[in-house]
Amino acid sequence: MHSLLVLGTRLGSGTFGHVHQARWGSQPCAAKTFFLDKSDFHQYTIQKEIAVLQRLRHRHIIQFYRTHEEDGHIYLLMELAEKGSLCRAIAKGELAPDDWQTKMRLASEIARGLAFIHQEKVLHRDLKSANVLLTKHMEVKLADFGLAKVRSMASAASAADQSKGGGLAGTLRWIAPELLYASTKPKYSDKSDVYALGMVMWEMAANCVRPFKDQESDALVALAVHNGDRERLPENTPALYRAWVERCWHQDPEQRPDASQVVLDHDDLMDASTVDGDISTLSLSFSLTEWLQYPGTPYPSTPAQGEIAHMRRSSLKGHDGDFDDRFPPTGNGDVDGRFPPTGNGGCDDDDDVVLLYSDSYRAKNGSAAAKRGNRDAQLFLGWIFDHGRGVDRNEKNSFWWYRQAGSQGHVVAQLRVGQMYEQGRGVDASDAMAAPWYSEAAIAGNAKAQYRLAEMHAEGRGVRQDDDEAVRWYTMAAEQGQKDAQAILEIWYSLGRGVTQSDVEAVRWLTKAAEHGHAIAQSNLGMMYRQGRGVRQNDVEAGKWFMMAGEQGNDFAQNILGWMYDEGRGVEQNDIESVKWYTRAAEQGNADAQLSLGLMYSCGRGVPRDDIEAAKWYTRAAEQGNDVIQHNLAWMYAEGRGVERTGADTPKGNNKACTCGAGLRSVSSQLSLAWMYTEGQGVEPGEIKATKAYTKAAEQGIVEIQHNLAWMYAEGRGVDQNDYEAVKWYTKAAERGYAIAQNNLGWMYEHGRGVERSDVEAVKWYGRGASQQNPYAQFNLAAMHELGLAVDQDSEEALRLYKEAAEHGDPNANLHVQWLTSRDNISGQGRTDTSAIISLYLHGAERGYAAAQHTLGRMYERGRYVERDMMEARVWYSKAAAQGHTVAAIRRTALVADARQRASARRLGV
């Protein structure tokens, strides 16, 4: 069974490992990698972070999914924050200097997350902008709890207890002054984290991610902070923001606010008194004005600001979703004979509302019923203002009427009020205000409200994060046929989140959602059948569900369908159908499909061969970095990395080497594109563009491209010739086991190019390449044995290696095999002194043995057994090259070039 975990781009690195963008099955995630280490401290660190993350479930805390162990690593799978860290956003100037509204919002979200973890008796102890992540919607997620500590009820843990080795935890320039130079063991507290919050707010205000950047000494910074020095805030910092920062980093911890107080201060600034607005001041258009306004009839009062603040404080302490006394008791309302009653608000969709009240005549006649408190009429008036039917669209009026109906127990209206609070339509957005409305409707059995309430419990928005409650509400909604809830339950059962992990149960819910037409569920169900997870493996059944999802426009399913028709898996092999589905997915931006479609055009499979069209699709895929965007690119190439495909059941587009175009045997769009630039296939030839494409792919860790890039630097192709860069990239590829790179790195060491000459290192790398049957490495290692360079002189071992090199295709090796097997007929054989060895090779060279001529050239070049003489080396290399010895030809050319370079230097006086 293939691993469900597929790593993509590296997002960052830390003490114990790396963080990668990744996928677990079809679920995007971030994978924090720990190198397996049996030390107690290492194990303690991992276990502690897992324990803390499992404890914390909140909208502004990065969510922990599961652990996974594979290939000597432990992976912590967590929620993916697409925009990276706040530190990165600040460093890249993504926060405008005068965008104080965004900065205040981000600060309040950091404070919300901090208030929650403090409520859970957790200290972060390393809060800084680098540990604050941002989603694609610029929402805050606190991360990196590796140094966090769960404090006891009695007192905060001492600094020495915070880390196994004792001493301060955290990053020094963000550490509170009371923890620095303390005469007794310093104690971390909530207020220590609040100080760090102030420093993060300073980072945003100053657009700088290194406090006291002009001072290099951390010790001097610590002393200054301990003595009361602080960074300066920009002059344009709003007074309120400045006050926040200065309170948070106050020298006296007791004078700092709690994180929850920072949240409340921010919320009070949002002018909570206008949450519901004054309906009497709203401008009503069309003829509905006269229907809705009744002089002398007061509108229901709005909650006072103090009441709202009370609700907010309750939400910080874990609001249980119950209404408070300010909501009127639920009543049935007056039922006007012209308005059919809906019971307890049984209609669940906007269409149901339209069917009940389909024209303005009914609306006009129903206005009196709405005034008298008929909740159905009130719901409809909310709907017409919401949708602008017969009136100007007015969300504040819509919210007001929905709330009137909801206050009387109309379930659909309660759902609408919750949605408007959550979305910030017609009222200031407030998850804490949305949750009670959702709760009331959910208890009454409304499936949509049950789903929304489950989402809030899952994310800790407006209510305390609680996986058990989330599963309970998801299940209730799913059992009523709510397809989004059914699809979510599949993910939770697959991951084992809030439930016991069960692929069988995941498939059960996935099937329900798929049968209700949920495209993502159909695609995921296809993968379950494709992989045989929770069901018996069945490509035909997989194809059926992929087809349903693909017809609905799901690009992942379309890409898989392209692969299935390409391979004939579950369907009859058909290149034309394969191209059709690859094209649909590629046009939606699916990078894997773009790469596969490029290959189809390169090979002329299912379409006329068209290098220009191929280059277009390779370019689009390359622009996305060809990251592992869908499931598992690694499945396509268990061996060979694009040279030979292994594993015929690999569900990806680029699943085999293109045999009709030499050079297009690539694991990535960058390599294919680079080849096209190099060869001028479908694009204007250009080695510089090719080098850029190779560099981008090489940085992603693809060894073939690292080797090619090294060769370009060594030869000066598309870049300035640079032996040091060549050695760097050869080393990267060689260390990952790429045989030809190991040979070339050995050659660089032997000849001292880009690195200090070392026969020992040369033999080491030649040996690694030779062990992988690389013929060039076998030849070079044989030559080292033949001359006794860094190894004992051993003609028998040299002969063995030359024979292996010849068998694996090195043409020069045959010349050396002929020579070594014929030496018995040369006078002087059997003697081991230096003069005898030289005599032996001179006799062989004079009799026309190209191998002997090459070896003599090598002796003179290296000064082995003879005095070093480059002119004599060139003579013998030239004689061997004339007989077809290509290695000798290369060395002769290199020596000529070196001689010209030295002569030019002498003319210039260098």
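Just so you know, the UniProt record's numbering puts 555 at position 555 of the sequence shown, and the rest follows in order with no gaps. Don't be surprised by glycine CBs; every beta carbon is placed ideally from N, CA and C.
Item to check | For W581 and S260, the rounded distance between their alpha carbons | outcome: In the sequence shown, the residue the question calls residue 260 occupies position 260. In the sequence shown, the residue the question calls residue 581 occupies position 581. Between S260 and W581, the C-alpha separation is close to 52 Å.
Checklist entry - Can you find at least 3 beta carbon pairs, one from the region 97–106 and one from the region 523–536, that sit closer than 8 Å? => result Cβ pair count under 8 Å is below three, so no.
Checklist entry - By the 10 Å Cβ neighbour count, where 16 or more other Cβ atoms means buried, how is Y493 classified, buried or exposed? => result Here residue 493 refers to the residue found at position 493 when the sequence shown is read from its first residue. With 16 or more other Cβ atoms within 10 Å, it is buried.
Item to check | Complete alpha helix (DSSP H) runs within the region 16–72 (minimum length 4 residues, chain order) | outcome: You should have 40–55.
Checklist entry - Relative to the C-alpha of K191, which residue among L220, F145, M138 and H118 is closest? => result Counting from 1 along the sequence shown, the entry for residue 191 is found at position 191. The alpha carbon of K191 has as its nearest neighbour, out of L220, F145, M138 and H118, the alpha carbon of H118.
Checklist entry - In or out: R891 buried (at least 16 other Cβ within 10 Å) or exposed? => result Position 891 of the sequence shown holds residue 891. Taking all protein chains in view, the Cβ of R891 is crowded by 16 or more other Cβ atoms within 10 Å, so the residue is classified as buried.
Item to check | R112 burial status per 10 Å Cβ neighbour count (16 or more: buried) | outcome: What you label residue 112 is simply residue 112 of the sequence shown in a count that begins at 1. By the C-beta density criterion, R112 is buried, having at least 16 other C-beta atoms within 10 angstroms.
Item to check | Which listed residue (Y438, S822, Y860 and N812) has its alpha carbon closest to that of G884 | outcome: Position 884 of the sequence shown, counting from 1, holds the residue named residue 884. That would be N812, whose Cα lies nearest to the Cα of G884.
Item to check | Helix, strand or coil at I702 [DSSP, three-state] | outcome: Counting from one through the sequence shown, the residue named residue 702 turns up at place 702. In the structure shown, I702 sits in coil (DSSP, three-state: anything other than H, G, I, E or B).
Next on the checklist: For R23 and I520, I'd like the C-alpha separation in whole angstroms.
Outcome noted: By one-based count along the sequence shown, residue 23 stands at place 23. By one-based count along the sequence shown, residue 520 stands at place 520. If I take the Cα positions, the gap works out to 15 Å.
Next on the checklist: If contacts are defined as beta-carbon pairs under 8 Å, then G517 and A557 qualify, I think. What distance do you get, rounded to the angstrom?
Outcome noted: Here the question's residue 517 lines up with position 517 in the sequence shown. Here the question's residue 557 lines up with position 557 in the sequence shown. Between G517 and A557 a beta carbon distance of about 13 Å is seen, past the 8 Å cut, so the two are scored as non-contacting.
Checklist entry - Is G409 closer than 8 Å to S398 when the C-beta atoms are compared? => result Numbered from its first residue, the sequence shown carries residue 398 at position 398. Numbered from its first residue, the sequence shown carries residue 409 at position 409. Cβ atoms of S398 and G409: not closer than 8 Å.
Next on the checklist: So the candidates are L147, V221, R425 and A836; which of them puts its Cα closest to the Cα of Y181?
Outcome noted: The count along the sequence shown starts at 1 and reaches residue 181 at position 181. Answer by Cα proximity: V221.
Next on the checklist: Taking the beta carbon of A51 as the centre, do at least 16 other beta carbons fall within 10 Å, making it buried, or is it exposed?
Outcome noted: Position 51 of the sequence shown, counted from the first residue, corresponds to residue 51. With fewer than 16 Cβ atoms within 10 Å of its Cβ, A51 is classed as exposed.
Checklist entry - Whose CA, out of R717, D720 and Q706, lies closest to the CA of N744? => result The residue labelled residue 744 in the question sits at position 744 within the sequence shown. Comparing C-alpha distances from N744 to each of R717, D720 and Q706 shows the shortest one belongs to Q706.
Next on the checklist: Quick check on M204: does DSSP put it in helix, strand or coil?
Outcome noted: Sequence index remark: in the sequence shown, residue 204 carries index 204 (1-based). In the structure shown, M204 sits in a helix (DSSP, three-state: H, G or I).
Checklist entry - Is it a yes or a no for the region 65–76 touching the region 471–487, going by three-plus beta-carbon pairs under 8 Å? => result Segments in contact, no.
Checklist entry - What's the C-alpha gap between G737 and V719? => result By one-based count along the sequence shown, residue 737 stands at place 737. By one-based count along the sequence shown, residue 719 stands at place 719. Roughly 25 Å between the two C-alpha positions.
Next on the checklist: If the criterion is Cβ atoms closer than 8 Å, does the pair A449 and A442 meet it?
Outcome noted: Taking the sequence shown and counting its residues from 1, one reaches residue 449 at position 449. Taking the sequence shown and counting its residues from 1, one reaches residue 442 at position 442. The answer is yes: Cβ separation under 8 Å.
Item to check | Selected residue, minimal CA-CA separation from W711, among Y451, L197 and Y730 | outcome: Here residue 711 refers to the residue found at position 711 of the sequence shown. Looking at the Cα atoms, Y730 is the closest of the given residues.
Item to check | Buried/exposed call for L223, threshold 16 Cβ in 10 Å | outcome: For this step, residue 223 is matched to residue 223 along the sequence shown. By the neighbour-count rule (16 or more Cβ atoms within 10 Å), L223 is not buried but exposed.
Checklist entry - Buried or exposed: L240, going by 16 or more other Cβ atoms within 10 Å of its Cβ? => result Taking the first residue of the sequence shown as position 1, residue 240 is located at position 240. Exposure of L240 is indicated by the presence of fewer than 16 other C-beta atoms within 10 angstroms of its C-beta.
Next on the checklist: Which of the three DSSP states is assigned to S758 in this structure?
Outcome noted: Numbered from its first residue, the sequence shown carries residue 758 at position 758. In the structure shown, S758 adopts coil according to DSSP, grouped into three states.
Next on the checklist: Could you compute how far the alpha carbon of K803 sits from the alpha carbon of N814?
Outcome noted: Within the sequence shown, numbered from 1, the residue matching residue 803 stands at position 803. Within the sequence shown, numbered from 1, the residue matching residue 814 stands at position 814. Roughly 7 Å separates the two Cα atoms.
Checklist entry - Cα separation between L95 and V132? => result Here residue 95 refers to the residue found at position 95 of the sequence shown. Here residue 132 refers to the residue found at position 132 of the sequence shown. Linking L95 to V132 through their CA atoms gives a straight-line distance of about 14 Å.
Item to check | Nearest candidate by alpha-carbon position, reference D898, set M870, A880, E216 and E846 | outcome: Along the sequence shown, read from residue 1 onward, the residue named residue 898 stands at position 898. Minimum Cα distance to D898 is reached at M870.
Checklist entry - Roughly how many angstroms separate the alpha carbons of I491 and D214, rounded to a whole number? => result Working through the sequence shown from its first residue, we reach residue 491 at position 491. Working through the sequence shown from its first residue, we reach residue 214 at position 214. C-alpha separation (whole angstroms): 49 Å.
Checklist entry - Comparing the C-beta of Q414 with each C-beta of chain C, is any distance below 8 Å? => result This model lacks chain C altogether, as it is built from one protein chain only.
Checklist entry - With DSSP run on the structure shown, which of helix, strand or coil describes G445? => result Residue 445 sits at position 445 when you count from the first residue of the sequence shown. Secondary structure of G445 (DSSP, three-state): coil.
Checklist entry - Just how far apart, CA to CA, sit I740 and G767? => result As a working mapping, residue 740 is identified with position 740 in the sequence shown. As a working mapping, residue 767 is identified with position 767 in the sequence shown. Distance between the alpha carbons of I740 and G767: 12 Å.
Item to check | Best match in E761, A434, Y713 and T834 for proximity to Q742 [C-alpha to C-alpha] | outcome: For the purposes of this step, residue 742 is identified with residue 742 of the sequence shown, where counting begins at 1. Closest option to Q742, Cα to Cα, is E761.
Checklist entry - Going along the chain, which residues of its own chain have a beta-carbon closer than 6 Å to the beta-carbon of R452, five neighbours each way excluded? => result Along the sequence shown, one-based indexing puts residue 452 at 452. Excluding positions up to five away in sequence, the list reads Y438.
Checklist entry - Of the choices H808, D792, T834 and L787, whose alpha-carbon is the least far from that of L820? => result Here residue 820 refers to the residue found at position 820 of the sequence shown. It is L787 whose Cα lies nearest to the Cα of L820.
Next on the checklist: What does the alpha-carbon distance come out to for the pair R403 and L4?
Outcome noted: Sequence index remark: in the sequence shown, residue 403 carries index 403 (1-based). Sequence index remark: in the sequence shown, residue 4 carries index 4 (1-based). Going from the Cα of R403 to the Cα of L4 covers about 46 Å.
Item to check | Within 8 Å, strictly: CB atoms of S578 and D566 | outcome: As a first step, residue 578 must be located in the sequence shown, where it is residue number 578. As a first step, residue 566 must be located in the sequence shown, where it is residue number 566. Their beta carbons are under 8 Å apart, which means S578 touches D566 by this criterion.
Checklist entry - Assuming H266 and D193 make a contact with CB atoms under 8 Å, what is their CB distance in whole Å? => result Stepping through the sequence shown from its first residue, residue 266 is reached at position 266. Stepping through the sequence shown from its first residue, residue 193 is reached at position 193. Actually they do not touch by this definition, with Cβ atoms about 17 Å apart.
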